[in-house]
Structure formats: structure tokens, C-alpha cells
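Residue numbering for the sequence shown follows my numbering, starting at 97 and increasing by one per position.
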Amino acid sequence: MAKYIIGVDVGGTNIKLGLVGPSGRILAKTNLSTKGYNHSRAKLIDGLVHAIQKLAQENKIARKDILGVGIGLPGLVDFQRGVVIFMPNIRGWQNVPLKTILQKRLHVPVFIDNDVNLITLGEWKFGAGKEYKNLICMTLGTGVGGGLVLNNALYRGEGSAAGEIGHIPLNEKGPVCNCGGLGCFERYVGNHYLLARAVKIFRNKNIRLEDIFHLARQGNSSAIRFWQETAAHIGNALVGIINLLNPRLVIIGGGVSSNYRFMKETIHKVIRQRAMKVQKNMVRIVRARLWDEAGIIGAYVLVRESIVRR
97 MAKYIIGVDV
107 GGTNIKLGLV
117 GPSGRILAKT
127 NLSTKGYNHS
137 RAKLIDGLVH
147 AIQKLAQENK
157 IARKDILGVG
167 IGLPGLVDFQ
177 RGVVIFMPNI
187 RGWQNVPLKT
197 ILQKRLHVPV
207 FIDNDVNLIT
217 LGEWKFGAGK
227 EYKNLICMTL
237 GTGVGGGLVL
247 NNALYRGEGS
257 AAGEIGHIPL
267 NEKGPVCNCG
277 GLGCFERYVG
287 NHYLLARAVK
297 IFRNKNIRLE
307 DIFHLARQGN
317 SSAIRFWQET
327 AAHIGNALVG
337 IINLLNPRLV
347 IIGGGVSSNY
357 RFMKETIHKV
367 IRQRAMKVQK
377 NMVRIVRARL
387 WDEAGIIGAY
397 VLVRESIVRR
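So this is what it looks like as C-alpha cells:
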């Protein structure tokens, strides 16, 4: 009986793959850079096929022993049809029937979903969200995404388009986003935009987010203020989400959350000041627990649950 699942988390910067055993434990991991694939759909598909096959071969897993492959992608994904509708940060992906393409090449069941939906599944079933029935998971990285668990079920929306937290408009006169909108939340806290702001503040075109993390930990006032200003944007976006959905838990993950201790106070302050009384008194805000493994674990959950429902 097939018992292994391969989980794939396609990010705007890296692609993470993991071989997951029957209990949900990751047995082997690998990753590759998204760089070089961003401008070629065919190359990215070839790269995924090669990486999945290589992971199985290196761990001596026969195809008949693979229950399925779960893949999270950074964009709008029609889970039911297995179609990538749009990926704003990776070019050339519009209405691509990825599930069908990969099943024909891999000869195993394939299930695809939005990457943050899978991170949400991972954190809900195995991480910070265990035992919660209503939660929001927000990831802060190359893009900004959201996953929703409402009334003990992952909520995808009518067209599998729910959870696009990064494209909540914060300023109708703000800068243009990759999605075509103006003043989107992602346009203020996504990695590329944080770096552009950092270059101006620190007058260093080679500065990295890791450098600003390090400076903040050393007590650099400009770096601490940089993260506090970022936190204010996060808090403002969360106020609207908390008021609308009344979650019991908000999980914050992604690379930017590594510096959560310099943002926590400001995020909580904005929510205390602006969110409605009932909602703000009920909600807890925590960091993600599974870190970069959440998407792989979520892919495992997706495959298991999808196979059971068949």
C-alpha cells in the first residue's frame, strides 16, 4: 500500500521539497532556488518533475509507494480543477492546468493549492493552531499571503480565491502592486519593497533584510524603527481582518516574522487601539511554529485528506 507523500512548497525565492512518512514526519528534505525558473513556465515544470523524481530516487522510494504529491504555489489556484489561475510574483502563469500536466509526467496523484493554504493546514493540524476552530494564518515573505480556518474547515472561497491578505488596499493613492492594484498591503511589507525602503534609509544598496535583523538585535535605533514601521502596516491590515472574521487565533509566519520580537509590541498596540472590543479581546496573536516545514506538512495533509474524500 502506498504510504509516502511528497510535499512541495513553491515560494517566490525558493522551492522546498520534503518526503513525508505515514505519521506526518518529514523523512528527507531538499530545496532549490526559484531563480532561473521565474521567466520560463516550462523550465519550472521540468524543474519540479526532476526534483520530485530525484527526491524519491535518492530515498529509494518506488512510484507505487507514493500516495501522492501535494504542491503549494504562491498565487491564485483553483483547487478543485487543479489549475494555476495567476501567480503575481512568477511570470507566465495564467490558467495553467498544472495538476493534469504533472500527473501525466509523474504517474501519481497530484494535488495543488495556494501555498499559504498549505502552510495554514500544516500549522492548524501540527503546529501553532492545533485545537483551534477559527484562525487566520499570515505569511510575510516575497509576497504576503493568508489562509483562513473558519468553523473548523479551511475556507477557500467561491472561486478558491479567499485569503489574499496581501492585496488588501491600505492606501487608495499608494504605489502600484504586481497585481495591478494601488496601495496593497504587500506593497508595504513584501520583501522587495522592504529592501527598497531599507536602501534609502541606510544608504546601502547591498543591504539585506538579515542585516537589518542583526542591526535591530544590536540596538540600532534606525533598524528598530524600520521594523516598528513595518509592524504598524501589519497591525493595520490585521485590524480589518480581525474585525471582519473574529478569529480566535492569528498565526504570523514567513521570513519577516523572524524579527517578530521587534514588531510584536507595535502590532498589539495598533490592534488594541483600532480593533473592536469583542474581537480584540478574544484574539491571540502568535508566531508560526513549523517555520519552513509548514508548507510541506500542509501538502501532506492536503494529499491525505483529498485521497480519503475520493
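Glycine residues also receive a C-beta, built at the ideal position from the N, C-alpha and C atoms. This structure is a prediction, so every number in the text was calculated from the model and none was measured.
By the 16-neighbour rule on beta-carbons within 10 angstroms, glutamate 260 is buried. Between glycine 107 and threonine 130, the CB-CB gap stays under 8 Å. Residues Leu278, Gly279 of the same chain have their beta carbon placed closer than 8 Å to that of glutamate 268, with the five preceding and five following residues left out of the count. The continuous stretches of beta strand (DSSP E) do not include glycine 351, and DSSP gives it neither H nor E.
Each of Gly241, Val404, Arg159, Ala390 was checked against the Cα of leucine 217, and the nearest Cα belongs to Ala390. A distance of 8 Å or more separates the beta carbons of isoleucine 162 and alanine 147. When DSSP states are grouped into helix, strand and coil, lysine 221 belongs to the helix group. The residue from Gln190, Ile232, Asn287, Gly117 with its alpha-carbon nearest to that of aspartate 174 is Gln190. Per DSSP, the unbroken alpha helix (DSSP H) holding methionine 378 starts and ends at 373 to 378. When DSSP reads this structure, glutamine 190 sits in a beta bridge with Phe182.
Note that the region 250 to 265 does not touch the region 369 to 389; fewer than 3 beta-carbon pairs, one per stretch, sit closer than 8 Å.
Per DSSP, the beta-bridge partners of isoleucine 167 are Val104, Ile208.
Taking C-beta atoms as the reference points, methionine 183 and leucine 169 count as a pair closer than 8 Å. DSSP places asparagine 332 in the helix class (H, G or I) of the three-state scheme. Non-local C-beta neighbours of alanine 312 in its own chain, meaning closer than 7 Å and more than five positions away in sequence, comprise Ala319, Ile320, Trp323, Asn355, Phe358, ordered along the chain.
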